[in-house]
Amino acid sequence: MKFFTKHGEYMQGKSEELPGHGFRKLKKILKKCRADFSCVLGSQTSADHCPVCEETFFPSLLKEMSSVVGYFNERVQKLRELHLASSFLKYFLWFRLFRANLLSDHAALIEEGQDHVTYALINAAAIQKILKKYDKIHCCNKGQIFKTQTKSMQIEILQNPWLYELMALCINIRESKFKSDKAAASSSEGIDLIFSDGKPSLTCGIFDFAKLDIDLTCSICLETVFDPVSLSCGHMFCYMCGCSAASVTVVDGLKAAAPKKKCPLCRQKGVFASFVRLDELSTLLSKRCPDYWEQRRKRERTERIQQAKHHWENQSQAFLGI
Numbered sequence: 001m002k003f004f005t006k007h008g009e010y011m012q013g014k015s016e017e018l019p020g021h022g023f024r025k026l027k028k029i030l031k032k033c034r035a036d037f038s039c040v041l042g043s044q045t046s047a048d049h050c051p052v053c054e055e056t057f058f059p060s061l062l063k064e065m066s067s068v069v070g071y072f073n074e075r076v077q078k079l080r081e082l083h084l085a086s087s088f089l090k091y092f093l094w095f096r097l098f099r100a101n102l103l104s105d106h107a108a109l110i111e112e113g114q115d116h117v118t119y120a121l122i123n124a125a126a127i128q129k130i131l132k133k134y135d136k137i138h139c140c141n142k143g144q145i146f147k148t149q150t151k152s153m154q155i156e157i158l159q160n161p162w163l164y165e166l167m168a169l170c171i172n173i174r175e176s177k178f179k180s181d182k183a184a185a186s187s188s189e190g191i192d193l194i195f196s197d198g199k200p201s202l203t204c205g206i207f208d209f210a211k212l213d214i215d216l217t218c219s220i221c222l223e224t225v226f227d228p229v230s231l232s233c234g235h236m237f238c239y240m241c242g243c244s245a246a247s248v249t250v251v252d253g254l255k256a257a258a259p260k261k262k263c264p265l266c267r268q269k270g271v272f273a274s275f276v277r278l279d280e281l282s283t284l285l286s287k288r289c290p291d292y293w294e295q296r297r298k299r300e301r302t303e304r305i306q307q308a309k310h311h312w313e314n315q316s317q318a319f320l321g322i
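The sequence shown begins at 1 in this note's numbering and counts up one residue at a time.
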């Protein structure tokens, strides 16, 4: 079965109409390009400039990608809010979502999370395929350039921090549900936390055409991420390592980072202010790596106290004019 057929069947099989990609419309645009005299296959003109695509294809695709990511982010945040809520708030949220016919029990929460992982992967694969089709028609690599631009615009779903949180959430809920059956908890639906040479990574192999392997090693301290955060560019660090890279203290926090500060990996500016704290991932790692987590917690506690002490000493001196 062709991928686009599978994608169409998946989207049409949903009980609600979800944001997706209108492949028929995009294919019509590309056919017009192919037939257009100025976009003859293999011509230098088609590689450098295509008014049809620049005015219709890319804007349409950009709008669809924004809709998909916006919907995905909203749904994952609601699921995480429900899972992390406690006491009365959790009961209130369960009741509200039940009344809305979205979720009814714990199993439904697992199913909802896994379905949204599928939604993210199948739409990410769809983007890759439609851009490859574009590059094939125009004999250029503008599709790859466009994909790079979407990363900086934070609408590349495979580098979305909410995808990392959703995968961790699915594992956390499964493990709490299957406490008596660890094998079922670890192998369900192809989403798991695995260790290779002692290094953890989030993996997802729901589809052959869209597999994920997310390294959970902080590129600054070179250890497993502790109290992990994801910057808006999608790169993940320990919270304190991120503060160090942004030249701020843990007292001030990442939101105090200057707009000119760059991601240590991709060198993109302005990525610290809109960081996402990965609470579900933090919970998962603390359960899977208890010894490491406790050692790191004690170590960071000492450093945080020192930073806080130094911060308030400076504040007192500034107040007194010393």
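All residues carry an ideal CB built from backbone N, CA and C; glycine is no exception.
Which first and last residues belong to the alpha helix (DSSP H) in which residue i is found?
i, result
"Cys266", "Taken as a continuous stretch (DSSP letters only), Cys266 belongs to no alpha helix (DSSP H), as it is neither H nor E."
"Thr148", "142-152"
"Asn73", "58-84"
"Ile305", "290-320"
Can you tell me which residues form a DSSP beta bridge with residue i?
i, result
"Phe237", "Val229"
"Asp213", "Thr203"
"Val250", "According to DSSP, which records beta bridges pairwise, Val250 is partnered with nothing at all."
"Thr224", "Thr217"
"Val360", "Any answer about residue 360 is impossible in this case: the structure gives the chain only from 1 up to 322."
Look at the Cβ atom of residue i, then the Cβ atom of residue j, and state whether they are nearer than 7 angstroms.
i, j, result
"Ala257", "Phe272", "yes"
"Ile155", "Val69", "yes"
"Ser219", "Leu265", "yes"
"Cys204", "Leu212", "yes"
"Cys263", "Cys233", "yes"
"Ala246", "Lys261", "yes"
"Ile157", "Ala125", "no"
"Ile29", "Thr56", "yes"
"Tyr216", "Phe275", "In the sequence as presented, Tyr is not what sits at residue 216; that position holds Leu. Taking 7 angstroms as the Cβ cut-off, Leu216 and Phe275 do not qualify as a contacting pair."
"Glu165", "Glu280", "yes"
"Cys243", "Ile137", "no"
"Ser201", "Ile214", "yes"
"Ile130", "Leu18", "no"
"Ile127", "Ile173", "no"
"Val229", "Arg267", "no"
Just curious, the beta strand (DSSP E) that residue i is in, first and last residue?
i, result
"Ile194", "191-196"
Let me know if residue i comes out buried or exposed under the rule of 16 or more other beta-carbons within 10 Å of its beta-carbon.
i, result
"Gly42", "Reliability fails at Gly42, whose pLDDT of 45 lies under 50, so the model's placement of it is uncertain and no value is given."
"Ile191", "buried"
"Arg75", "buried"
"Ala168", "buried"
"Phe319", "exposed"
"Asp227", "buried"
"Cys289", "buried"
"Glu112", "buried"
"Gly198", "exposed"
"Gln159", "buried"
"Cys50", "buried"
"Arg301", "exposed"
"Phe88", "With a pLDDT of only 49 at Phe88, under 50, the local geometry of the prediction cannot be trusted, and the value read off the model is given with reservation. Classification of Phe88: exposed, given that the 10 Å Cβ count is below 16."
"Ser176", "exposed"
"Met153", "exposed"
"Glu303", "exposed"
"Asn123", "buried"
"Leu295", "Before going further, note that residue 295 is Gln rather than Leu in the sequence given. Per the 10 Å Cβ criterion, exposed."
"Lys2", "exposed"
"Cys139", "exposed"
"Pro59", "exposed"
"Thr150", "buried"
Against chain B, does residue i count as a neighbour if the rule is that its beta carbon must be under 7 angstroms from one of theirs?
i, result
"Lys129", "No chain B appears in this structure, which consists of one protein chain only."
Specify whether the region 239-251 and the region 302-310 touch according to this definition: at least 3 beta carbon pairs, one from each stretch, less than 8 angstroms apart. yes
Given 8 angstroms, three or more beta-carbon pairs between the region 138-145 and the region 223-230: no
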